[in-house]
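Sequential numbering of the sequence shown, starting at 1, is according to this note's numbering. The beta-carbon is built from N, C-alpha and C at its ideal position, and this holds for glycine as well.
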Amino acid sequence: MTSSRRRARRAPGTARGAVRPLVVAALLLTMTSVGAAPAGAAAQDAVVQGTVQRLVVENLDGTSAELAFVVPTHGPPLQVSGEAVRSVRSGATARLTVHHADLAALAAGGSTATGVDVTQVEVVTDPPLASLTNAGTARPVHLLTATLPGQSLDGVTPANLAADLTGPTSQYWRDTTGSAVDLTLGSQISAGVYPGWGDTSTCTNAQILAFLDWSAARAGVSPTAGADRRTATYTPRLAACPFAGIAHLAMGGSLWINGADGVSAREDILGHELGHTLYLAHSNSRTRCSVPGDGAAAQCLTGDYGSAYDTMGYAFSHPGPLSGAQMDTLGLLGPASAIVATGAQSATLAPVAGLTGTRFLKFSTGGATYYAEYRGAVGRDTDLASTRRGCPTGVQTCTYERFQPGVVVERVDAPGLGAPTYLLDAGAGDPAHLVSDPWFVLPVGHTFTTADRALTLTVDSIGGTGATVHLGPPAAPAPVAGATYQPLAPTRVLDFVPMSTGSTTTLTLANVPTGAVAVALNVTATGVSRTSYISACAFGTPVSTCRATSALNPSAGVDTASSVVVALGGPAGNQVTLYNNSGNLRLIADLQGYYVRGDASGALFAAQPPSRAMDARVGTADPHVLTVPGVPPGATAVALNLTSSGASAVSFVSACPADQPLDQCTRSSTLNPSPSRDMANLVVVKLGGANGDQVTLYNNSGSVRLVVDVDGFMVPSASAPAGAGGYVPMTPRRVLDRLPMGTASPYVLTLPSVPTGATAVALNLTATGASAVTYVSACPGGTPTSTCRLTSAFNPTPAADT
């Protein structure tokens, strides 16, 4: 990976930039080697036989792709699904059964980004896999420079490539594999112009495969991937092929560097692409899972090149040694370097970059294989304590983050050679602490749980010479004492504080009750110059952790409010931090109440399925007293979701206990209606009135339709109904990330780290990329959709995050 690929990190609550489809154009072909279907195959199936070639593409937009082809003896190559041949080695001859209709569509000029469907794979011949166990075996790399029609040389010569290879690249592979991989200098060739490309405005599979074959022929070696023969060809950048490099995923084969901007970029790409010709796939990351610990791919955010620990990911500096998963792929994970656990196991792990001793703990469960290792700041990993940086969520969404020393966990999903590895955000899965800063490492005393919840890894100690860990079944979660709620009449505690891009402000709350652990705030952004997001966290939370979630998503020119429950922090336990991601704005905050642990006089939250309590139009300065239906005896506050629609003017709505004087009530705001969009906010309002069952709703300007849904009540613990519970504060974490939803498409969210006996959860929901004005409902799992959709939680609108 080249260090020139810099990307801005995508903000929480905002849409991912569009990912282009695979950059290699789909092949248009007429199959000439289609045979009769084997016995048992459907009549419409066809058979293709040829040599399997697997390729890895490094796209310039920060994404990557794996391609697979069957290349017949006569006729053009056929692209197939990579998963279909995952267990087939490059260079093997295979007979594939495919749908004849797919072939016909391709021959007629159709296209496919992933390859035709394969219903059956039969390996005909499988050449022996070249061994890496013989230390010191020389593996020559033949180096070529070439141009394509119309190109001019850019100054890079075979001698330049030779310097890259024999210097940092070969030394890296010798060091990290104990000299088992010795990449030596083969021939150096100025190959001239490749005459077979044709139209240089195109970049098709056939053009690329033919170019790789030509480069091998010019070097006088077999073009067959898997023959343990390597060619590396450099050309000036061909704009039609928007990738930096492409290589066979094989034991041997060819690679192409499609231009580079500087010596270091050339070195990085060469070493990385040669890793692919050793059957190593990418070192990706898997973060922000919606379940504690590890999760399936669909439950987590996958980042291409998200690991900065080795050369198969991306490091803004020189990478460290190979991981345990990669050493295992190379057949170099022996008893001297690894412990293979089949059950409960303790291990002391030496630093990976020390290159000696037991460095890896391998264990498998639930169809996945995991590798735990200690990345100490020694040897090639010395810079982990200083300058090593990478892209934790992937290159495409990168803001450089410091990679730290510590115990990390990697995962491999698929069996077979060439499977990618995933560096897991292991610390973020600790249900007791929810560690996510620094990225990926597990501090002492913290745990990581596998996706199937069968095993937990715990870090017992970390010292200068290594780390001690133990593996075993996860402990049953201990009940957590919740905090009770003390409602207040709304009080302004932050008044039009200016904030700029990336700035934070500390809110200190005076007279915090003894035992207070969290505070209920209504936060409003006004005077917004640019679409942004606001994060809210306990004081002392690292900014890199706090900004990973959003509490409020203001849009330029629109006043926006959101209620948020924030844990308290700071030396006196009475402070919260507010962070603004982008642009200039002013922040307002109104205090609604406290959550206090150990206060028997406080209230517990009694959740209920959302129910509609009001749908009425309210005029200017026209206080509306709402008698809340179904208030339990003794309830002190009510959780309401307020929605404004059809506002005739920009305004604000205050929600207060019914007996609070109006001049005091209107000093705080809960909702900010706008004529251009529907707005919604959830707020916990203290109850008032003669019977303790009323709240006042006040609209400041114009007229607006107010819709009110009741989500539950705060009830004193002495009279609370069964199922009522206290509040357990936590560091905010992302549990659902850019889930695409269509019209009327319900989604069931499984929540991570739910304490025993929990009855409700505090969530901040954000919508981005809405195609139409709509509403989103949120209900307890199991609520019929027909019931859930009768109420709304918030109201997305196009062209604005909500």
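6 Å Cβ shell around residue i - same chain, five flanking residues per side excluded
{"i": "L212", "result": "S254"}
{"i": "A762", "result": "V565"}
{"i": "M312", "result": "G275, L280, H282 and S283"}
{"i": "T526", "result": "D559 and R586"}
{"i": "Q151", "result": "P236"}
{"i": "P796", "result": "A767, A770, T774 and T802"}
{"i": "V412", "result": "A325, T369, A419 and T421"}
Contacts around residue i, its chain only, beta-carbon distance under 8 Å, and the 5 residues preceding and following it disregarded
{"i": "A600", "result": "T484, S717 and A718"}
{"i": "S201", "result": "A240"}
{"i": "Q664", "result": "A489 and C656"}
{"i": "V493", "result": "L507, L509, L521, A589, D590 and L591"}
{"i": "T783", "result": "P609"}
{"i": "L765", "result": "V776, A778, A793 and F794"}
Neighbourhood of residue i by C-beta distance below 7 Å, restricted to the same chain and skipping five residues each side
{"i": "G570", "result": "F539 and G540"}
{"i": "T785", "result": "P746"}
{"i": "A216", "result": "S222, P223, T231 and S254"}
{"i": "A518", "result": "A483, V565, V566, A567, L568, Y595, Y727 and P729"}
{"i": "Q404", "result": "L384, P438 and V441"}
{"i": "P780", "result": "P609"}
Sub-9 Å separation of residue i and residue j beta-carbons
{"i": "A121", "j": "V85", "result": "It should be pointed out that residue 121 corresponds to Val in this sequence rather than to Ala. Closer than 9 Å, so yes."}
{"i": "L278", "j": "V123", "result": "no"}
{"i": "V441", "j": "G394", "result": "no"}
{"i": "W256", "j": "A250", "result": "no"}
{"i": "V631", "j": "L687", "result": "yes"}
{"i": "R380", "j": "H318", "result": "yes"}
{"i": "V707", "j": "D615", "result": "yes"}
{"i": "A426", "j": "G293", "result": "yes"}
{"i": "V57", "j": "V70", "result": "no"}
{"i": "V88", "j": "A46", "result": "no"}
{"i": "N581", "j": "S529", "result": "no"}
Residue i (DSSP reduced to helix, strand or coil)
{"i": "H272", "result": "helix"}
{"i": "A800", "result": "strand"}
{"i": "R237", "result": "coil"}
{"i": "Y172", "result": "helix"}
{"i": "A467", "result": "strand"}
{"i": "T73", "result": "coil"}
{"i": "V221", "result": "coil"}
{"i": "P487", "result": "strand"}
{"i": "Q660", "result": "coil"}
{"i": "D310", "result": "coil"}
{"i": "P784", "result": "coil"}
{"i": "G472", "result": "strand"}
{"i": "W256", "result": "strand"}
{"i": "R54", "result": "strand"}
{"i": "R266", "result": "helix"}
{"i": "T166", "result": "helix"}
{"i": "D126", "result": "coil"}
{"i": "S611", "result": "strand"}
{"i": "A772", "result": "coil"}
{"i": "D809", "result": "This structure does not reach residue 809, given that the chain is present from 1 up to 802, and the question cannot be answered."}
{"i": "A232", "result": "strand"}
{"i": "F211", "result": "helix"}
{"i": "Q299", "result": "helix"}
{"i": "P351", "result": "strand"}
{"i": "P140", "result": "strand"}
{"i": "P158", "result": "helix"}
{"i": "N584", "result": "coil"}
{"i": "A432", "result": "Unreliable positioning characterises A432 in this predicted model, as indicated by a pLDDT of 45, which lies under 50. The coordinate reading is nonetheless provided below. In the structure shown, A432 sits in coil (DSSP, three-state: anything other than H, G, I, E or B)."}
{"i": "V85", "result": "helix"}
{"i": "A841", "result": "Residue coverage of the chain in this structure runs from 1 to 802, which leaves residue 841 outside it and unanswerable."}
{"i": "R9", "result": "Note that R9 has pLDDT 31, beneath the 50 cutoff, so the model's placement of it is unreliable and the number below is only indicative. Of the three classes helix, strand and coil, the one that applies to R9 here is coil, per DSSP."}
{"i": "N699", "result": "strand"}
{"i": "A616", "result": "strand"}
{"i": "N205", "result": "helix"}
Rounded distance between the beta-carbons of residue j and residue i, thought under 8 Å
{"i": "V576", "j": "A536", "result": "6 Å"}
{"i": "L349", "j": "Y374", "result": "4 Å"}
{"i": "T63", "j": "L144", "result": "Not a contact, Cβ separation roughly 27 Å."}
{"i": "D709", "j": "S611", "result": "7 Å"}
Problem set entry | Length at least 4, wholly inside the stretch 497-573: the alpha helix (DSSP H) runs in chain order | 543-546
For this session: Write down every uninterrupted run of the beta strand (DSSP E) in the stretch 366-406 whose length is 3 residues or greater and which is fully enclosed by it, in chain order.
Result: 368-375
For this session: Would you list, in sequence order, the uninterrupted alpha helix (DSSP H) runs of no fewer than 4 residues that lie entirely inside the stretch 643-690?
Result: Runs of the alpha helix (DSSP H) inside the stretch 643-690: 662-665.
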